[in-house]
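Participant:
Residue numbers (mature numbering (1 follows the signal peptide of the UniProt record, and there is no 0)): -27 to -1, 1 to 791.
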């Protein structure tokens, strides 16, 4: 097979080189391309060569890295998997005079990480014409020179190599000189002029010849130089160098002006014929820029900075010429020694950023590559992370490292890491470089909302305004964005048989709890519910908290009087025995308050009375007692207006009227009609008609009752009566009590009523106390033979509650209007 622009034998040579490189790479790929290929030209298809497809290359993040090449000349076309030329390569610029010009690349595939070497051979094309180092070659020849003498002309330099280099020379036709072509030991061909016919200075002093150098490329390229020959007197010795090849080792970065080597040539002739001068005969453009030659001393010095990474080998040919033009050549080889003048370069090839916080330890999150332009041990580098972070570097293929996690990550503790990777080479002294990489941790919904308090309590006054805020709950979620956004809601439940949503509501964003309706302390004093806090993560996480609401009492209920009854159509009258001693219990006002605490703490006060100073009432007990002894002169009818106040702010009050009848004789009960008539004058006519009809019957019954009582009074002391204070059968409201369970009305005051016969508009009711300590009628009437009159008198001055008067006799007349 013949490549375009290359002859068959040269292509065979390249094929041989290609096969040898293919074996050298142990199965990796090698390609050969001619220099100066246009951009976009296809080199080969690595997808097919590696049995891959273009989709796999893209999925595995295939990329081509250079190895020791400063420029990227080829790259991968991810759409087709082909290697294409991205920059025109000049073989002469890259490799100079070296026969083999190789570019090394590395094909990197991730997941899993694979590394393949790719070798690209740059083949020479005939893009340079042969050139001579001078435009004109001046040779001085003595006329005494014998026929067959050879004169060194030099060689033409062709930047191309092999067959594209100088193949032959031609000399224009003349009568005295012929051309002799000789090979150089290190390659190339140089020419000498052979004198065929002796010169005659007197006949012709100067000769001008045209020398043409022709390369072997296709098409052929030529270069010419003019040879000017001056005929002189005889010079039979040529300069001789001290050594044919000068090999010099020098360090890169040598200071400017440093002497590389001094070449020396001697000429056995004397005078001008023995004076030797030096000049470069063959020199590359790079070497010409870096080195200079002293024509007189032969010193070669450094003119510019020498960099091993740019070129490690220079070859120069020096020509020594004597005064009459006789010349000889020597070769100077300069080998550049590497210094550790390049710090390692850290290149991030792949990086997963951000990293989910639930990443398992040992997960690979990045790939870095460490490159050093130096060679040998100066190129070997050690890479590490010095910080205390949950990441480490694992050596991978060649100079690649993998960044892997070592511990579990928690974004709520640390949301990002700035890791510093340090690479240190093994040169002397060692050089190092660092690279900072910021790794961010992405959030995962792994934290449920947490309430600031274990439980919440709210104290709300009853009769609150609907819609007013009661309290606020607050939960915190350390997650980010929607994973940390908390929404509040009520857990469905019943409170006293009602859905919790009928009592309260909650703001889902702020957690503020509002009342839906007004609360009544007298219906319930506290209730409890649960608030749910849920985040917006996927899946969402939640937690709940208990909220206890305690109602505080307000003074919104006035005292309610249970006794005496406040019914509009009834009048309660108490009978008080005449001669009652001072301090004796007469009656008791019983009141309750639906409120609690101080709001239910009642106080009693006589606002107005028929006979001021005759009776007094207990400030907190409501017991009405005789303030002095009751005498015959005191009026029979006594009316007391009693006010009952609670201790709330502001205080609420209720009034009632207590009717007292001072009498020992039931015959005087008929006078009560006057009391009823005073308050019910509008119904007097109707009552009078009814009373006339019933008076006869009532009088008979009344007389029988008087006789019976007279008989009974003989068997027990006067003013001593069986039974407790008469209390009418009134409605006793339930649940009058405080939070602590201490009610405003004690159960010992509950009574049963017994109805007797009545007359006209009045009924008689005698009550029996539920208190078991009350003496029965049989006990009260029992008389000991040793009892004196004084011992049988009731103790009117004894303080106590309702049960203390169980041994006293009172009569209660309930006058009920018909």
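C-beta atoms are modelled at their ideal positions from N, C-alpha and C, and glycine is treated no differently.
Determine whether the beta carbon atoms of residue 603 and residue 597 lie at a separation below 9 Å.
Facilitator: No. Outside cutoff.
Participant: Give a yes or no on contact between the stretch 217 to 231 and the stretch 311 to 327, applying the rule of three or more CB pairs nearer than 8 Å.
Facilitator: Output reads yes: the stretch 311 to 327 touches the stretch 217 to 231.
Participant: Would you check if the distance between the CB atom of residue 504 and the CB atom of residue 461 is smaller than 9 Å?
Facilitator: A contact, by the Cβ cut-off of 9 Å.
Participant: Using alpha carbons as the reference points, say which of 374, 518, 537, 498 lies closest to residue 525.
Facilitator: Here the closest residue by C-alpha is 498.
Participant: At which residues does the beta strand (DSSP E) containing residue 561 begin and terminate?
Facilitator: Unbroken beta strand (DSSP E) run through residue 561: 558 to 561.
Participant: Rounding to the nearest angstrom, what Cα-Cα distance links residue 304 and residue 394 in this structure?
Facilitator: Their Cα atoms are separated by approximately 48 Å.
Participant: Determine the direct distance from the alpha carbon of residue 674 to that of residue 681, and round the result to whole angstroms.
Facilitator: Going from the Cα of residue 681 to the Cα of residue 674 covers about 11 Å.
Participant: Can you say whether residue 297 is buried or exposed, counting buried as having 16 or more other CB atoms within 10 angstroms of its CB?
Facilitator: Residue 297 is buried by the Cβ-count criterion.
Participant: Classify residue 271: buried if its beta carbon has 16 or more other beta carbons within 10 angstroms, exposed otherwise.
Facilitator: The residue is buried, with at least 16 neighbouring Cβ atoms inside 10 Å.
Participant: Per DSSP, what kind of secondary structure is residue 683 in: helix, strand or coil?
Facilitator: Of the three classes helix, strand and coil, the one that applies to residue 683 here is helix, per DSSP.
Participant: Just the C-alpha distance for residue 141 and residue 37, rounded to the nearest angstrom, thanks.
Facilitator: Spanning the two alpha carbons is a distance of roughly 42 Å.
Participant: If you check the beta carbons only, do residue 627 and residue 531 fall under 9 Å apart?
Facilitator: Against a cut-off of 9 Å, the Cβ pair of residue 531 and residue 627 comes out as a contact.
Participant: Quick check: the Cα distance between residue 510 and residue 422, rounded to an integer number of angstroms?
Facilitator: Their Cα atoms are separated by approximately 11 Å.
Participant: Taking just the CA atoms, how far does residue 148 sit from residue 218?
Facilitator: Roughly 36 Å between the two C-alpha positions.
Participant: Using 8 Å as the cut-off, can you tell me whether the stretch 544 to 552 makes contact with the stretch 460 to 477, which would need three or more C-beta pairs spanning the two stretches below that distance?
Facilitator: Judged by Cβ distances under 8 Å, the stretch 544 to 552 makes no contact with the stretch 460 to 477, as fewer than three pairs qualify.
Participant: Compute the distance between the beta-carbons of residue 247 and residue 295, then report whether it is under 9 Å.
Facilitator: Yes; because the gap between Cβ atoms is below 9 Å, this pair is in contact.
Participant: So what does DSSP say about residue 29, is it helix, strand or coil?
Facilitator: If DSSP states are grouped into helix, strand and coil, residue 29 belongs with the helices.
Participant: Pairing CB atoms from the stretch 373 to 380 with CB atoms from the stretch 327 to 334, are three or more of them under 8 Å?
Facilitator: With the cut-off at 8 Å, the stretch 373 to 380 and the stretch 327 to 334 touch.
Participant: For residue 245, which of helix, strand or coil comes out of DSSP?
Facilitator: Helix at residue 245.
Participant: Indicate whether residue 234 and residue 221 have their beta-carbon atoms separated by less than 9 Å.
Facilitator: The answer is yes: Cβ separation under 9 Å.
Participant: Looking only at its chain, what residues have a beta carbon closer than 7 Å to the beta carbon of residue 322, apart from the 5 residues adjacent to it on each side?
Facilitator: Contacts found: 81, 340, 341, 342.
Participant: Using three-state DSSP, classify residue 316 as helix, strand or coil.
Facilitator: Note: residue 316 maps to coil in three-state DSSP.
Participant: Please name the residue, chosen from 431, 265, 362, 352, that lies closest to residue 396 on a Cα-to-Cα basis.
Facilitator: With distances taken between Cα atoms, residue 396 lies closest to 352.
Participant: Residue 125 lies in the beta strand (DSSP E); which residues open and close that run?
Facilitator: Looking at the DSSP string, the run of the beta strand (DSSP E) that includes residue 125 is 123 to 127.
Participant: Going by other Cβ atoms of all chains shown within 10 Å of its Cβ, with 16 needed for buried, is residue 443 buried or exposed?
Facilitator: With 16 or more Cβ atoms within 10 Å of its Cβ, residue 443 is classed as buried.
Participant: Cα separation between residue 414 and residue 508?
Facilitator: Cα-Cα distance, rounded: 20 Å.
Participant: For residue 612, which residues does DSSP report across the bridge?
Facilitator: Paired residue(s): 632.
Participant: Please say whether residue 518 and residue 427 have beta carbons closer to each other than 9 Å?
Facilitator: Yes, they are a contact pair.
Participant: Just to confirm my understanding: we take residue 319, look at its own chain, exclude 5 residues before and 5 after, and list those with CB closer than 7 Å. What are they?
Facilitator: Once the five neighbours on either side are set aside, the close Cβ partners of residue 319 are 341, 343, 394, 396, 406, 408.
Participant: State the Cα-Cα distance for the pair residue 586 and residue 600, rounded to the nearest angstrom.
Facilitator: Cα to Cα, the separation comes out at about 7 Å.
Participant: Give a yes or no on whether the C-beta atoms belonging to residue 17 and residue 73 are separated by under 9 Å.
Facilitator: Against a cut-off of 9 Å, the Cβ pair of residue 73 and residue 17 comes out as no contact.
Participant: Helix or strand or just coil, what does DSSP make of residue 20?
Facilitator: Helix at residue 20.
Participant: Start and end of the alpha helix (DSSP H) containing residue 868?
Facilitator: Lying before the first or after the last residue shown, residue 868 is absent from the chain, which here runs from -27 to 791.
Participant: Closer than 6 Å by C-beta to residue 154: which residues in its own chain qualify, once you throw out the five before and the five after it? Chain order, please.
Facilitator: Here the set comprises 142, 162, 164.
Participant: Count the other CB atoms within 10 Å of the CB of residue 268; is the residue buried (16 or more) or exposed (fewer)?
Facilitator: Under this definition residue 268 is an exposed residue.
Participant: Could you give the DSSP three-state label for residue 669: helix, strand or coil?
Facilitator: In the structure shown, residue 669 sits in a helix (DSSP, three-state: H, G or I).
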